[in-house]
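Keeping their order, the protein sequence lines are chains G and U. Residue numbering for the first sequence follows the working numbering, starting at 4 and increasing by one per position. Residue numbering for the second sequence follows the working numbering, starting at 2 and increasing by one per position. Step one of this worksheet: look at the structure below.
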Amino acid sequence: MMDQHREAFKEEAYELLAELETSLLELEERPDDEELIGRVFRAMHTIKGSGAMFGFDDIAAFTHQVETVFDLVRNGKIAVTKKLVNVTLAARDQIKAMLDASTGGESVDAGAAEEIIAELKSLSPAAETASTAGAQKAGKSQDTSQQTSLPVTYRIRFEPDRGLFARGTNPITLVNELGELGACKVVAQMCNLPRLDEIDPESCYIFWDVILTTAQGIDAIKDVFIFVEDDCELKIEVIDTGGHLGHDGDYKKLGEILVERGDLTHEAMEKILSQQKRFGEIAVETGLVEADRIASALVEQQHVKEVRQERQSQETASSIRVPAEKLDILVNLVGELVTVQARLSQTSAGRRDAELMSIAEEVERLTAELRDNALNIRMLPIGSTFSKFKRLVRDLSNELGKKVEMETAGAETELDKTVIEKLNDPLVHLIRNSIDHGIELPDVREAAGKPGQGTVHLAAVHSGDSVLITIRDDGAGLDKEAIRTKAIEKGLIPAAADLSEKEIFNLIFAPGFSTAKKVSSVSGRGVGMDVVKRAIDALRGSIDITSKHGDGTTITVKIPLTLAIIESLLVRIGADRFLLPLSLVDECVELTRADVEKAHGRNLATVRDHMVPYIPLRERFDIKGETPDIEQIVITKVDGMRVGVVVDHVIGEHQTVIKSLGRAYKNVDAISGATILGDGAVALILDIPQLVHDVEMERAWDGRR
Amino acid sequence: MGKTIMTADDSASVRQMVSFTLKQSGYEVIEAVDGKDALQKLGGQKVDMLITDLNMPNLDGIGLIKGARALPACKFIPIVMLTTESQDSKKQEGKAAGATGWIVKPFKPEQLLSVVKKVLG
Chain G
4 MMDQHREAFK EEAYELLAEL ETSLLELEER PDDEELIGRV FRAMHTIKGS GAMFGFDDIA
64 AFTHQVETVF DLVRNGKIAV TKKLVNVTLA ARDQIKAMLD ASTGGESVDA GAAEEIIAEL
124 KSLSPAAETA STAGAQKAGK SQDTSQQTSL PVTYRIRFEP DRGLFARGTN PITLVNELGE
184 LGACKVVAQM CNLPRLDEID PESCYIFWDV ILTTAQGIDA IKDVFIFVED DCELKIEVID
244 TGGHLGHDGD YKKLGEILVE RGDLTHEAME KILSQQKRFG EIAVETGLVE ADRIASALVE
304 QQHVKEVRQE RQSQETASSI RVPAEKLDIL VNLVGELVTV QARLSQTSAG RRDAELMSIA
364 EEVERLTAEL RDNALNIRML PIGSTFSKFK RLVRDLSNEL GKKVEMETAG AETELDKTVI
424 EKLNDPLVHL IRNSIDHGIE LPDVREAAGK PGQGTVHLAA VHSGDSVLIT IRDDGAGLDK
484 EAIRTKAIEK GLIPAAADLS EKEIFNLIFA PGFSTAKKVS SVSGRGVGMD VVKRAIDALR
544 GSIDITSKHG DGTTITVKIP LTLAIIESLL VRIGADRFLL PLSLVDECVE LTRADVEKAH
604 GRNLATVRDH MVPYIPLRER FDIKGETPDI EQIVITKVDG MRVGVVVDHV IGEHQTVIKS
664 LGRAYKNVDA ISGATILGDG AVALILDIPQ LVHDVEMERA WDGRR
Chain U
2 MGKTIMTADD SASVRQMVSF TLKQSGYEVI EAVDGKDALQ KLGGQKVDML ITDLNMPNLD
62 GIGLIKGARA LPACKFIPIV MLTTESQDSK KQEGKAAGAT GWIVKPFKPE QLLSVVKKVL
122 G
């Protein structure tokens with residue numbers, strides 16, 4: 004980009020030099036032509052200004068000397084002589100030579116340049132040639148070195164002149180700019196406002212008091228006002244240095260602030276103090292100082308107090324340690340409370356007692372808040388687990404003679420403590436698998452055109468009420484055919500089974516499956532992946548594999564944020580009630596008897612022109628009784644696929660405290676737990692992914708027979 | 002909607018650089034080759050800010066600032082002048098004419114943008 008501008012400048016400079024030549028020659032004829040002198044001056048001026056901008060510093064410095072002389076000519080201080088024109092023409096040639104040199108021409112004769120400069124200087128009165136290169140302040144505010152010192156609190160009074168608006172300055176942008184420097188409080192002072200009929204709307208009557216706490220130093224503040232400082236009253240004072248606090252964090256009294264600001268004389272303060280009322284009230288009552296100014300001073304007092312308080316609280320402990328069991332007990336109690344609250348809501352709704360209902364609503368709101376807070380306390384960043392894995396990867400790769408680097412992202416993602424604990428083992432398994440089976444030996448990798456060092460990428464990210472954990476490696480990827488052959492060998496699938504890629508990949512989670520040709524000490528004992536799958540299922544999570552042979556494998560584990568309480572949809576079939584995790588529910592649609600007949604027993608519904616397969620729960624769970632004329636399909640999303648679940652009625656959303664079913668029901672598929680409803684009855688929580696999976700597998704087998 | 006900024010400069014390379022920098026940051030840019038041209042274009046359309054060189058043929062920067070401030074639409078817009086070194090007298094003259102601020106040449110694109118942000122908010 005810069006090159007392009009440099010080219011543009013050079014082109015322009017050549018043009019200007021040509022013009023300069025003609026102007027100079029004409030000037031020789033008509034030495035008094037002011038128009039011509041102006042033209043010469045401007046040409047020099049542009050070459051100098053633009054040259055410096057695009058990095059032609061030598062040209063800029065040289066041209067500056069010529070320009071200085073012509074500035075004098077322009078102001079009538081020296082006259083145009085033949086000698087001047089000669090020297091200037093020489094200077095013009097010199098500039099051209101310098102330009103040529105920058106494009107690879109012959110290098111310039113530095114001696115010639117000096118000679119020209121010396122001659123130019125001899126032409127002008129000595130006093131006028133003093134360099135005018137002075138301080139260059141404007142537009143450099145961002146160059147101010149960032150000071151990382153302690154935050155200091157400043158009191159800034161910005162009192163612009165009336166004509167501020169006429170120069171196109173918007174005071175609000177200045178005040179906002181201050182706000183970008185740090186915490187600030189702004190009080191607009193309106194005591195100078197005249198009566199409405201005397202107001203000139205194009206004048207600025209307001210002035211501002213700003214209390215600003217910033218670590219960027221006073222120069223940064225001054226820079227904000229750089230364009231207006233000459234025309235306004237600007238007072239910047241340090242009122243709190245940010246150092247260590249003394250024995251108390253108290254700030255000055257109101258009266259002292261006003262005196263310091265010059266809003267009140269010391270005598271007046273004494274006078275006020277002699278009366279025994281609140282200082283501010285008296286000050287206003289007696290008319291010694293306007294109410295606005297008092298308000299502003301009070302804001303300062305408040306601001307500094309806050310800043311100091313914050314510092315003090317940082318100095319003392321900001322967190323406490325609590326044994327984890329105490330939190331677990333708290334969460335359990337909140338769970339019980341949510342259950343009781345549901346009963347209260349239901350009972351009060353049944354009584355039709357307005358007063359009781361309003362109490363129940365209040366309790367409901369508080370319970371929800373309490374629940375969120377209690378669960379939030381147990382949230383921990385997943386990062387501590389991640390760092391453990393780094394060590395694992397290091398040791399493992401050494402043992403296996405592989406070069407593996409571990410990358411992590413999203414270490415700050417928070418998850419329930421209990422979930423993180425239970426997630427540890429499955430993740431260890433998955434990472435081991437990636438390194439053992441996925442990443443190849445360095446020479447194999449290099450032969451395949453990959454870098455010798457493999458990468459395992461571990462990332463966690465929030466997604467709705469779940470956390471997605473991905474483990475991605477750039478190893479060999481899954482070999483579909485090998486998995487298939489193995490699965491047939493082990494009798495997991497029929498030899499003729501027609502399986503999708505996803506189904507084949509999922510086979511590695513089947514019990515007793517292992518594809519590694521060599522059993523190492525790390526993995527390959529065939530107990531890895533099915534254990535992982537079960538552990539993730541126990542957390543109500545799901546696991547998903549994508550892989551490309553030769554490029555690597557990505558395993559995505561989706562885990563709910565918490566295990567204790569979920570939002571769910573309460574439905575009814577006959578007299579039984581069930582719960583579906585709300586996170587999986589997409590929508591609910593009606594299913595009429597006519598629809599069922601039209602489908603000819605295929606369990607497919609058409610929803611907005613898309614076919615959605617459904618599972619009739621009444622049939623599947625063998626619940627007796629008549630189906631109503633209109634049933635409901637709850638459409639859920641499982642692994643990116645929409646599947647409906649048919650129920651009699653949808654009752655509504657429900658805060659579900661999850662209770663496990665206990666050891667006896669451990670092998671019950673499609674049910675992940677139970678909860679106690681408001682009326683004391685037990686409702687089962689459906690494990691939708693498992694349910695869908697079961698139905699699919701049955702279909703697959705049926706289809707093959 | 003992007004704000005419109007006019008750059009008035011007789012140096013094509015400066016104009017190009019200013020225009021390029023501003024456009025990259027999402028501003029609309031109108032170019033004018035001197036004060037007279039700028040004033041003419043200002044009369045025809047709404048501009049949110051004006052960046053002008055001081056030394057220009059036909060009508061110089063000071064004249065342009067005075068002329069622009071006389072136009073109702075430009076009475077309160079920010080006007081920034083480009084000056085060389087620290088021509089303090091020029092700065093004062095410019096401010097008296099109604100300039101909001103100044104940028105000292107040579108400047109870098111970031112400096113230009115920080116000043117634009119400062120006065121345009």
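Every residue gets a Cβ at the ideal spot worked out from N, C-alpha and C, and that includes glycine. It should be emphasised that the depicted structure is a prediction, and the values quoted were computed from it without experimental measurement.
Range of the contiguous alpha helix (DSSP H) that encloses residue i
{"i": "Val34 of chain U", "result": "Note, Val34 of chain U: premise wrong, no alpha helix (DSSP H); not H, not E."}
{"i": "Gly404 of chain G", "result": "Element bounds for Gly404 of chain G: n/a, residue is neither H nor E."}
{"i": "Glu180 of chain G", "result": "174 to 184"}
{"i": "Gln658 of chain G", "result": "From DSSP, Gln658 of chain G is part of no alpha helix (DSSP H) but of the beta strand (DSSP E) over 652 to 660."}
{"i": "Glu3 of chain G", "result": "In the structure displayed, chain G extends from 4 to 708; residue 3 of chain G sits before or after that span and is not available."}
{"i": "Ser90 of chain U", "result": "89 to 98"}
{"i": "Thr49 of chain G", "result": "37 to 56"}
{"i": "Ala711 of chain G", "result": "Given a span of 4 to 708 for chain G in the structure shown, any question on residue 711 of chain G remains unanswerable."}
{"i": "Phe161 of chain G", "result": "Where Phe161 of chain G is concerned, there is no enclosing alpha helix (DSSP H), although the beta strand (DSSP E) it sits in stretches over 155 to 162."}
{"i": "Leu123 of chain G", "result": "113 to 126"}
Neighbourhood of residue i by C-beta distance below 7 Å, restricted to the same chain and skipping five residues each side
{"i": "His460 of chain G", "result": "Glu410, Arg475"}
{"i": "Ile63 of chain U", "result": "Leu55, Glu94, Gly95, Ala98"}
{"i": "Lys76 of chain U", "result": "Arg70"}
{"i": "Leu383 of chain G", "result": "Glu417, Leu418, Lys420, Ile423"}
{"i": "Thr147 of chain G", "result": "For Thr147 of chain G, the predicted model reports a pLDDT of 40, less than 50, meaning its position is unreliable; a value from the coordinates is still stated below. Counting only Cβ-Cβ distances below 7 Å, and skipping sequence neighbours, we find Asp222, Ala223, Asp226."}
Reduced DSSP secondary structure (H/G/I, E/B, other) of residue i
{"i": "Thr678 of chain G", "result": "strand"}
{"i": "Ala703 of chain G", "result": "helix"}
{"i": "Ala100 of chain G", "result": "helix"}
{"i": "Phe581 of chain G", "result": "strand"}
{"i": "Thr458 of chain G", "result": "strand"}
{"i": "Asp6 of chain G", "result": "helix"}
{"i": "Ala479 of chain G", "result": "coil"}
{"i": "Ser526 of chain G", "result": "Confidence at Ser526 of chain G is low in this model, with a pLDDT of 46, below 50, so its placement is unreliable and the value that follows should be read with caution. Three-state result, Ser526 of chain G: coil."}
{"i": "His603 of chain G", "result": "coil"}
{"i": "Ala538 of chain G", "result": "helix"}
{"i": "Tyr208 of chain G", "result": "coil"}
{"i": "Met532 of chain G", "result": "helix"}
{"i": "Gln192 of chain G", "result": "strand"}
{"i": "Thr84 of chain G", "result": "coil"}
{"i": "Lys274 of chain G", "result": "helix"}
For residue i, the first and last residue of its enclosing beta strand (DSSP E)
{"i": "Val588 of chain G", "result": "588 to 595"}
{"i": "Phe73 of chain G", "result": "Here Phe73 of chain G belongs to no beta strand (DSSP E); instead the alpha helix (DSSP H) covers 60 to 77."}
{"i": "Pro110 of chain U", "result": "Per DSSP, Pro110 of chain U belongs to no beta strand (DSSP E); it is in the alpha helix (DSSP H), 110 to 121."}
{"i": "Val241 of chain G", "result": "236 to 243"}
{"i": "Lys551 of chain G", "result": "545 to 551"}
{"i": "Val287 of chain G", "result": "Looking at the DSSP string, Val287 of chain G is not in any beta strand (DSSP E); the run it does join, the alpha helix (DSSP H), is 282 to 288."}
{"i": "Ala498 of chain G", "result": "Note, Ala498 of chain G: premise wrong, no beta strand (DSSP E); not H, not E."}
{"i": "Lys561 of chain G", "result": "555 to 563"}
Neighbourhood of residue i by C-beta distance below 6 Å, restricted to the same chain and skipping five residues each side
{"i": "Lys393 of chain G", "result": "Met409"}
{"i": "Lys67 of chain U", "result": "Ala98"}
{"i": "Lys308 of chain G", "result": "Tyr254"}
{"i": "Lys106 of chain U", "result": "Leu83, Thr85"}
{"i": "Ile242 of chain G", "result": "Thr156, Arg158"}
{"i": "Pro445 of chain G", "result": "Lys406, Gly455"}
Contacts around residue i, its chain only, beta-carbon distance under 8 Å, and the 5 residues preceding and following it disregarded
{"i": "Ala55 of chain G", "result": "Ala63"}
{"i": "Val287 of chain G", "result": "Glu293, Ala294, Ile297"}
{"i": "Glu717 of chain G", "result": "Since the displayed chain G opens at 4 and closes at 708, residue 717 of chain G lies outside it and no answer follows."}
heavy atom of the ligand ADP below 7 Å from residue i C-beta
{"i": "Lys640 of chain G", "result": "Absence of the ligand ADP is noted for the structure shown, with no ligands found whatsoever."}
Problem set entry | 4-residue-minimum alpha helix (DSSP H) runs that sit fully inside the segment 418 to 454 of chain G, ordered along the chain | 420 to 436, 445 to 450
For this session: For the segment 333 to 351 of chain G and the segment 284 to 304 of chain G, state whether three or more C-beta atom pairs, one from each stretch, are separated by less than 8 Å.
Result: no
Exercise. If you pair each beta-carbon of the segment 31 to 39 of chain G with each one of the segment 32 to 43 of chain U, do three or more pairs fall below 8 Å?
Worked result: no
Problem set entry | Sufficient close CB pairs (3 or more, under 8 Å) joining the segment 185 to 199 of chain G to the segment 208 to 221 of chain G | yes
For this session: Determine contact between the segment 635 to 652 of chain G and the segment 616 to 626 of chain G, defined as no fewer than three beta-carbon pairs at a distance below 8 Å.
Result: yes
Problem set entry | Ranges of the beta strand (DSSP E) found wholly within the segment 9 to 53 of chain U, counting only runs of at least 3 | 29 to 33
For this session: Please specify which runs of the alpha helix (DSSP H), each continuous and at least 4 residues long, are wholly inside the segment 319 to 391 of chain G, giving them in chain order.
Result: 327 to 354, 357 to 380
Exercise. Any contact of the segment 582 to 596 of chain G with the segment 651 to 660 of chain G, i.e. 3+ C-beta pairs under 8 Å?
Worked result: yes
For this session: Decide yes or no for the touch test of the segment 174 to 188 of chain G against the segment 256 to 264 of chain G: beta carbon pairs closer than 8 Å, at least 3 of them.
Result: no
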